[in-house]
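*Asks:* Questions regarding the structure given below will be posed in turn.
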Amino acid sequence: MRLIEGFIMTIKHEKRKPAGFYPSIFQIFLSMLWGGNHTSIKVALDYSPPLQIGWMRFVSGGLVTVIYMCFKRESFVIKSAEVFPLTLIGILFSVQIVFMNYGQYLTTAGHATALNATFPIWAACLSHFLVPNDLMTRYKLLAIILSYLGVLSIVFLDTGLVTPGISLSGDLLSITSAILLGLRLVLTSNFAQNMSEVKLMLGQLIMGTIVFLIASQLIETTQFSYELNYWIAIFYQGSVIAGFGFLANAWLMKRYLPSTITFFSFIQPLSGVTVAWLILGENPGRGLIVGLILIVIGAIIFSGESYYRSTRIFK
Numbered sequence: 136m137r138l139i140e141g142f143i144m145t146i147k148h149e150k151r152k153p154a155g156f157y158p159s160i161f162q163i164f165l166s167m168l169w170g171g172n173h174t175s176i177k178v179a180l181d182y183s184p185p186l187q188i189g190w191m192r193f194v195s196g197g198l199v200t201v202i203y204m205c206f207k208r209e210s211f212v213i214k215s216a217e218v219f220p221l222t223l224i225g226i227l228f229s230v231q232i233v234f235m236n237y238g239q240y241l242t243t244a245g246h247a248t249a250l251n252a253t254f255p256i257w258a259a260c261l262s263h264f265l266v267p268n269d270l271m272t273r274y275k276l277l278a279i280i281l282s283y284l285g286v287l288s289i290v291f292l293d294t295g296l297v298t299p300g301i302s303l304s305g306d307l308l309s310i311t312s313a314i315l316l317g318l319r320l321v322l323t324s325n326f327a328q329n330m331s332e333v334k335l336m337l338g339q340l341i342m343g344t345i346v347f348l349i350a351s352q353l354i355e356t357t358q359f360s361y362e363l364n365y366w367i368a369i370f371y372q373g374s375v376i377a378g379f380g381f382l383a384n385a386w387l388m389k390r391y392l393p394s395t396i397t398f399f400s401f402i403q404p405l406s407g408v409t410v411a412w413l414i415l416g417e418n419p420g421r422g423l424i425v426g427l428i429l430i431v432i433g434a435i436i437f438s439g440e441s442y443y444r445s446t447r448i449f450k
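First residue of the sequence shown? That's 136 in my numbering, and the numbers climb one at a time after it.
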């Protein structure tokens with residue numbers, strides 16, 4: 136029974152509500168930070184293999200999480216009812232990051248950013264079935280379609296299907312990563328209703344570190360570098376994203392309906408493609424302009440519908 140309750144929340148009085156103005160602004164800020172994640176991974180991949188980068192990132196993010204838990208005096212004790220959520224989220228996290236890192240290894244930073252940014256689509260679809268009061272509406276569906284078209288425009292409009300540095304396998308891995316991320320965020324939001332969201336974040340980082348470290352030692356050759364760019368990239372994807380970013384996102388997901396939080400992550404491809412252009416020299420072309428227009432229209436429709444729901448239902 137507990138397993139089923141973990142997947143489908145049966146709370147009689149749902150505490151989560153649609154995100155308002157300030158939570159949405161904060162999520163947009165986080166999405167802009169997250170946009171640089173794939174560029175930092177791409178930079179680090181010039182020096183170290185994918186799995187090694189993964190465990191180094193988790194250690195960096197884990198240190199930030201432990202410091203935060205000590206500051207907030209969060210308990211490190213695992214209760215029996217928390218074993219399943221921690222295990223499931225940890226497994227999903229590890230598998231998703233494997234797909235993300237190898238997908239990034241096989242395609243461009245801009246491409247991986249845009250494709251991974253489709254996770255709000257999967258999160259919104261899954262929330263329809265797994266989260267009370269987070270049902271799909273025609274406005275939400277229209278906003279998702281427009282925003283997804285915007286993402287596709289960013290990736291494909293100028294370049295076509297054949298571009299140096301892009302592969303079908305890398306794209307498929309990135310899309311799979313996005314689906315798993317959408318599922319993980321929805322389940323994290325559900326589980327966090329009955330346990331500390333910070334403990335969930337630390338649990339996934341610990342499991343990810345163990346899995347990636349063992350796998351890296353078995354199939355990769357460990358490589359480090361003294362280059363400053365390398366350590367800046369590790370710090371960014373670790374302390375900034377896996378530390379601060381994960382904690383901030385979990386805080387939002389615990390308090391607000393998943394689809395109203397994850398939607399604004401469509402800002403990620405705009406930020407990510409721009410960062411990849413500035414740092415890696417990946418020219419996004421005219422598709423960025425078309426994509427921006429579609430995504431902004433989608434955001435206006437979606438946020439407007441969410442605001443209407445929050446004023447009528449969750450007043």
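Backbone N, C-alpha and C fix where the C-beta goes; we use that ideal spot for every residue, glycine too.
Looking at T323 and L335, is the spacing between their C-beta atoms short of 8 angstroms?
*Replies:* Their beta carbons are under 8 angstroms apart, which means L335 touches T323 by this criterion.
*Asks:* Measure the beta-carbon distance from L320 to A258 and round it to whole angstroms, keeping in mind my assumption that it falls under 8 angstroms.
*Replies:* Rounded, the Cβ-Cβ distance is 5 angstroms, consistent with contact.
*Asks:* Could you check what DSSP says for K207 in three-state terms: helix, strand or coil?
*Replies:* Helix, per DSSP.
*Asks:* Looking only at its chain, what residues have a beta carbon closer than 8 angstroms to the beta carbon of Y391, apart from the 5 residues adjacent to it on each side?
*Replies:* Answer for Y391: R151, K152, P153, A154 and P158, listed in chain order.
*Asks:* According to the Cβ coordinates, are G189 and F347 closer than 8 angstroms?
*Replies:* Taking 8 angstroms as the Cβ cut-off, G189 and F347 qualify as a contacting pair.
*Asks:* List the residues that DSSP assigns as beta-bridge partners of Y391.
*Replies:* Answer is K152.
*Asks:* At the level of alpha carbons, what is the spacing between G378 and I367?
*Replies:* Those two C-alpha atoms are separated by around 15 angstroms.
*Asks:* Can you tell me whether V286 is buried or exposed, with buried defined as 16 or more other CB within 10 angstroms of its CB?
*Replies:* It is buried - the Cβ of V286 has at least 16 other Cβ atoms within 10 Å.
*Asks:* Enumerate, from N- to C-terminal direction, the unbroken alpha helix (DSSP H) stretches of 4 or more residues contained entirely within the region 211-280.
*Replies:* Whole alpha helix (DSSP H) segments, 4+ residues: 218-241, 244-251 and 254-265.
*Asks:* Since I376 is in the alpha helix (DSSP H), which residue starts that stretch and which ends it?
*Replies:* I376 -> no alpha helix (DSSP H), and no H or E assigned at all.
*Asks:* Nearest-angstrom Cα distance between L405 and T174?
*Replies:* Rounded to the nearest angstrom, the two C-alpha atoms are 13 angstroms apart.
*Asks:* I need the boundaries of the alpha helix (DSSP H) containing N364, first residue and last residue.
*Replies:* Looking at the DSSP string, the run of the alpha helix (DSSP H) that includes N364 is L363 to F370.
*Asks:* Quick check: what's the CA-CA separation for F156 versus I349?
*Replies:* Cα-Cα distance, rounded: 43 angstroms.
*Asks:* Leaving out five residues before and five after Y240 in sequence, what residues of the same chain have Cβ atoms less than 8 angstroms from its Cβ?
*Replies:* Counting only Cβ-Cβ distances below 8 angstroms, and skipping sequence neighbours, we find L180, P185 and G305.
*Asks:* Pick from Y182, V230 and W386: whose alpha carbon is nearest that of E362?
*Replies:* Comparing Cα positions, the closest option is Y182.
*Asks:* Would K207 be called buried (16 or more neighbouring beta carbons within 10 Å of its own) or exposed?
*Replies:* Looking at its Cβ environment, which holds fewer than 16 other Cβ atoms inside 10 Å, K207 is exposed.
*Asks:* Using a Cβ-Cβ cutoff of less than 7 angstroms, which residues in the same chain neighbour L340 once the five nearest sequence positions on both sides are dropped?
*Replies:* Here the set comprises F193, G196, G197, T200 and A377.
*Asks:* Cβ of L382 within 8 angstroms of Cβ of V333?
*Replies:* Yes, Cβ-Cβ distance for L382 and V333 is below 8 angstroms.
*Asks:* Assign N251 to buried or exposed, taking buried as 16 or more other Cβ atoms, counted over all protein chains shown, within 10 Å of its Cβ.
*Replies:* Classification of N251: buried, given that the 10 Å Cβ count is 16 or more.
*Asks:* I need the DSSP call for I430, collapsed to helix, strand or coil.
*Replies:* In this structure, I430 counts as helix in the three-state DSSP scheme.
*Asks:* So which of V266, T344 and F359 has the shortest CA-CA distance to A327?
*Replies:* Among V266, T344 and F359, the Cα nearest to that of A327 belongs to V266.
*Asks:* At which residues does the alpha helix (DSSP H) containing D306 begin and terminate?
*Replies:* Per DSSP, D306 belongs to the alpha helix (DSSP H) from L303 to F326.
*Asks:* Can you tell me whether L382 is helix, strand or coil according to DSSP?
*Replies:* Helix at L382.
*Asks:* Determine the burial state of N418: buried for a count of at least 16 other Cβ atoms within 10 Å of its Cβ, exposed for fewer.
*Replies:* Classification of N418: exposed, given that the 10 Å Cβ count is below 16.
*Asks:* Along the chain, where does the alpha helix (DSSP H) that runs through Q339 open and close?
*Replies:* Unbroken alpha helix (DSSP H) run through Q339: E332 to I354.
*Asks:* What residue from S360, G407 and I435 has the CA that sits closest to T395's CA?
*Replies:* Checking every option, the nearest Cα to that of T395 belongs to I435.
*Asks:* With DSSP run on the structure shown, which of helix, strand or coil describes Q358?
*Replies:* Residue state, collapsed to three classes: coil.
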